[in-house]
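*Asks:* A single structure is presented below for examination.
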Amino acid sequence: MTTAQGRATGGSPDRPAKLRIALLGARGIPASYGGFETFAEQLSIRLVERGHEVTVYAETSESSVEDIFYQGVRVRHKRRPRWGAASVLAYDCACLWDARRGYDLVYMLGYGAAWACWWPRVFGVPVWINVDGLEWARSKWGRAARIYLRCMEWVASRVATRLIADAEAIAQRFRETYPKGAPSSFIAYGAELVQDRDVDPSVLSAWGLKPRRYMLVVARPEPENHILEIVQGYEMHEGDWPLVIVGDVSGATAYQQLLRQHASDRVRFVGGIYDTGQLASLRVHAACYLHGHSVGGTNPSLLEALACGNWVIAHDNPFNREVARDAADYFATPEQLARSLDLVVDQSDAMLPQRSQRARDIVAEHYTWDGIADAYEALMHSECRSHSAATPSTGTV
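Position one of the sequence shown corresponds to residue 1267 (the numbering used here), numbered consecutively onward.
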């Protein structure tokens, strides 16, 4: 359906029809966990402000929880069983079954339960799937899980009305790998700009840090995030500004144990930090931000670093280059990283203001949440039937 057709059945020529949209695959809102949750919150609130009805599905450990509203967004809870790794799949399937009718669009974040996305399609409801990078390539998955996720990637290309990628490189990969599959569109992730005046430098004292005199990493300790290579490159660099690594490196995995062997006064593992104000202050006042992610699309941590005006040194891959453009230096080996760190120490005071401005300019031009919401709303209107043409929205059978 074209945008014009949607307007004809649900609104005036100047006012697009109201749509009823279900967002699935996140743990819920307000965001308190990761990228999908932040995305669901930022997008859903903006769509509601534009007159749409949005339901975000949220997990609960209880069997029955009433719907609530958060800033106008309906939050609908579904129970997540305690089945180990299978619990996420069970939760996603429960949400898909509940959302199989009563909406103009079902948007699933992630393709782990792609096979169950047929359920809304049977009732004539379009289903979009956010493919979230190369999920099957993540090291946290065992062999069986990787095979399953690779199969679900193919299933997603067949069952979805449209695939959404937050990086053009990911969207292009799906077009080339599955030429007969669902159309693949690129709509980026977003970030909010943070200026130096917006954060409190005094919080740095909790870690014994001085502004512009430390390097920063914020990442989950997984091999595809190249934290070990970052540490190795830093250790080749002879400067004395400490490397601060934010993330849970408690030793729960062999990779974490390997990382902990490098802990010293120079290499500091400070654990997970979930206070947004503290994280923003750490980012804004860092001499540089080191980003090793390699299998995702548009990574939220990289965008947040750019939004904070960081001098970024990123792992050299198409996803990071697409996002950071000329606002970052890139490394493929620890030796290359060490040379980039030498440059930071030598030229930080002179070059940081210009680099900070360029980083924030990229976010302002390409990655604002309002701009992301504009892109989603336009695409939704181009494909979805109008509110008045669908059945009443109950979210239940």
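Here a beta-carbon is modelled for each residue, glycine too, at the ideal position from N, C-alpha and C.
Say whether the segment 1511–1527 touches the segment 1474–1490, bearing in mind that this needs 3 or more beta-carbon pairs closer than 8 Å, one atom from each stretch.
*Replies:* Touching, per the Cβ criterion.
*Asks:* Under 7 Å Cβ to Cβ from Arg1441, same chain only, skipping five residues before and after it: list those, please.
*Replies:* Here residue 1441 is taken as the residue at index 175 of the sequence shown, counted from 1. Here the set comprises Ser1450.
*Asks:* Can you say whether Phe1585 is buried or exposed, counting buried as having 16 or more other CB atoms within 10 angstroms of its CB?
*Replies:* By 1-based counting over the sequence shown, the position of residue 1585 is 319. Flag for Phe1585 reads buried.
*Asks:* Would you tell me roughly how many angstroms separate the C-alpha atoms of Val1483 and Gly1390, rounded to the nearest one?
*Replies:* To locate residue 1483, count along the sequence shown from 1; it is residue 217. To locate residue 1390, count along the sequence shown from 1; it is residue 124. Rounded to whole angstroms, Val1483 to Gly1390 spans 45 Å at the Cα level.
*Asks:* Mind pulling the alpha helix (DSSP H) runs of 4 or more residues that sit fully within the segment 1319–1382?
*Replies:* Taking only runs of at least 4 residues, the alpha helix (DSSP H) segments lying wholly in the segment 1319–1382 are 1352–1364.
*Asks:* Counting along the chain, where does the beta strand (DSSP E) carrying Asn1707 start and finish?
*Replies:* As displayed, the chain neither begins before 1267 nor continues past 1663, which places residue 1707 out of reach and without an answer.
*Asks:* In the DSSP output, which residue or residues are listed as bridge partners for Trp1258?
*Replies:* This structure leaves residue 1258 out entirely; the chain is present only between 1267 and 1663.
*Asks:* Taking only the alpha-carbon atoms, compute the straight-line gap between Val1671 and Ile1453 and give it to the nearest angstrom.
*Replies:* In this structure the chain extends from 1267 to 1663, so residue 1671 is not present and cannot be described.
*Asks:* Please name the residue or residues paired with Cys1554 in a DSSP beta bridge.
*Replies:* Position 288 of the sequence shown holds residue 1554. DSSP output for Cys1554 lists Met1481 as bridge partner(s).
*Asks:* Which residues share a DSSP beta bridge with Arg1534?
*Replies:* Within the sequence shown, numbered from 1, the residue matching residue 1534 stands at position 268. According to DSSP, Arg1534 bridges with Val1510.
*Asks:* Check the DSSP bridge columns for His1261 and list the partner residues they point to.
*Replies:* The structure shown does not extend to residue 1261, since the chain spans only 1267 to 1663, so no value can be given for it.
*Asks:* Determine the closest residue to Leu1556 out of Gly1499, Arg1409, Ile1295 and Pro1392, with distance taken between C-alpha atoms.
*Replies:* Within the sequence shown, the letter at position 290 stands for residue 1556. Comparing Cα-Cα distances from Leu1556 to each of Gly1499, Arg1409, Ile1295 and Pro1392, the minimum goes to Gly1499.
*Asks:* Leaving out five residues on either side along the sequence, give the residues of the same chain with a beta carbon under 8 Å from the beta carbon of Tyr1642.
*Replies:* Within the sequence shown, residue 1642 is the residue found at index 376, counting from 1. Cβ neighbours of Tyr1642 beyond the five flanking positions: Leu1309, Leu1313 and Ile1453.
*Asks:* Exposed or buried, which one is Leu1371 when buried takes at least 16 other CB atoms within 10 Å?
*Replies:* Here residue 1371 refers to the residue found at position 105 of the sequence shown. Buried: at least 16 other Cβ atoms inside 10 Å.
*Asks:* Please determine, among Glu1458, Trp1385 and Thr1599, the residue with the shortest C-alpha to C-alpha distance to Ala1625.
*Replies:* Within the sequence shown, residue 1625 is the residue found at index 359, counting from 1. Residue Glu1458 is the option with its Cα nearest to Ala1625.
*Asks:* With a 10 Å radius around its C-beta and 16 neighbouring C-beta atoms as the bar for buried, classify Phe1335 as buried or exposed.
*Replies:* For the purposes of this step, residue 1335 is taken as residue 69 along the sequence shown, with counting starting at 1. It is exposed - the Cβ of Phe1335 has fewer than 16 other Cβ atoms within 10 Å.
*Asks:* Check whether the Cβ atoms of Val1460 and Ala1546 sit closer than 8 Å, and answer yes or no.
*Replies:* Position 194 of the sequence shown, counted from the start, is the residue given in the question as residue 1460. Position 280 of the sequence shown, counted from the start, is the residue given in the question as residue 1546. Yes, these two residues count as a Cβ contact at 8 Å.
*Asks:* Thinking C-alpha only, which one of Arg1366, Leu1415, Trp1473 and Ile1413 is nearest Val1393?
*Replies:* As a working note, residue 1393 is residue 127 in the sequence shown. Nearest of Arg1366, Leu1415, Trp1473 and Ile1413 to Val1393, Cα basis: Arg1366.
*Asks:* Is the CB-CB distance between Ala1593 and Val1578 below 8 Å?
*Replies:* Here residue 1593 refers to the residue found at position 327 of the sequence shown. Here residue 1578 refers to the residue found at position 312 of the sequence shown. Yes.
*Asks:* Ends of the beta strand (DSSP E) at Arg1286?
*Replies:* Within the sequence shown, numbered from 1, the residue matching residue 1286 stands at position 20. First-last of the beta strand (DSSP E) with Arg1286: Arg1286 to Leu1290.
*Asks:* In the DSSP assignment, what residue or residues form a beta bridge with Phe1305?
*Replies:* What you label residue 1305 is simply residue 39 of the sequence shown in a count that begins at 1. For Phe1305, which the question treats as bridged, DSSP gives no partner whatsoever.
*Asks:* Report yes if the C-beta distance between Arg1534 and Pro1566 is below 8 Å; otherwise report no.
*Replies:* The residue you call residue 1534 lines up with position 268 of the sequence shown. The residue you call residue 1566 lines up with position 300 of the sequence shown. No.
*Asks:* Indicate the three-state DSSP secondary structure (helix, strand or coil) for Ser1560 in the structure shown.
*Replies:* Numbered from 1 along the sequence shown, position 294 holds the residue referred to as residue 1560. Of the three classes helix, strand and coil, the one that applies to Ser1560 here is coil, per DSSP.
*Asks:* Output yes or no for whether 8 Å exceeds the beta carbon distance between Leu1525 and Val1536.
*Replies:* Within the sequence shown, the letter at position 259 stands for residue 1525. Within the sequence shown, the letter at position 270 stands for residue 1536. Taking 8 Å as the Cβ cut-off, Leu1525 and Val1536 do not qualify as a contacting pair.
*Asks:* Under a Cβ-count criterion, where at least 16 other Cβ atoms within 10 Å of its own Cβ denotes burial, should Lys1344 be classed as buried or exposed?
*Replies:* For the purposes of this step, residue 1344 is taken as residue 78 along the sequence shown, with counting starting at 1. Flag for Lys1344 reads buried.
*Asks:* Per the DSSP calculation, Phe1452 is bridged to which residue(s)?
*Replies:* If you number the sequence shown from 1, residue 1452 lands on position 186. Ala1431.
*Asks:* Which word fits Arg1316, buried or exposed, when buried means at least 16 other C-beta atoms lie within 10 angstroms of its C-beta?
*Replies:* What you label residue 1316 is simply residue 50 of the sequence shown in a count that begins at 1. By the 10 Å Cβ count, Arg1316 comes out exposed.
*Asks:* Let's see if you can read the secondary structure: which residues bound the alpha helix (DSSP H) around Arg1526?
*Replies:* By one-based count along the sequence shown, residue 1526 stands at place 260. Where Arg1526 is concerned, the enclosing alpha helix (DSSP H) stretches over Ala1520 to Arg1526.
*Asks:* Do His1666 and Pro1477 have their C-beta atoms closer together than 8 Å?
*Replies:* The structure shown does not extend to residue 1666, since the chain is modelled only from 1267 to 1663, so the question has no answer here.
*Asks:* Relative to the C-alpha of Arg1342, which candidate in Asp1358, Glu1325, Arg1605 and Ser1329 has its C-alpha closest?
*Replies:* Residue 1342 sits at position 76 when you count from the first residue of the sequence shown. Closest by alpha carbon: Glu1325.
*Asks:* If Val1320 sits next to Trp1384, beta carbons under 8 Å apart, how far is it from one beta carbon to the other, in whole angstroms?
*Replies:* Along the sequence shown, one-based indexing puts residue 1320 at 54. Along the sequence shown, one-based indexing puts residue 1384 at 118. Not really, about 23 Å apart at Cβ, beyond 8 Å.
*Asks:* Kindly list the residues whose CB is nearer than 8 Å to the CB of Pro1658, restricted to its own chain and excluding five residues on each side of it in sequence; keep chain order.
*Replies:* Taking the sequence shown and counting its residues from 1, the one referred to as residue 1658 is at position 392. Note that Pro1658 has pLDDT 44, beneath the 50 cutoff, so the model's placement of it is unreliable and the number below is only indicative. Around Pro1658: Gly1368.
*Asks:* At which residues does the alpha helix (DSSP H) containing Gly1637 begin and terminate?
*Replies:* Translated into positions along the sequence shown, residue 1637 becomes position 371. From DSSP, the alpha helix (DSSP H) with Gly1637 extends over Trp1635 to Glu1649.
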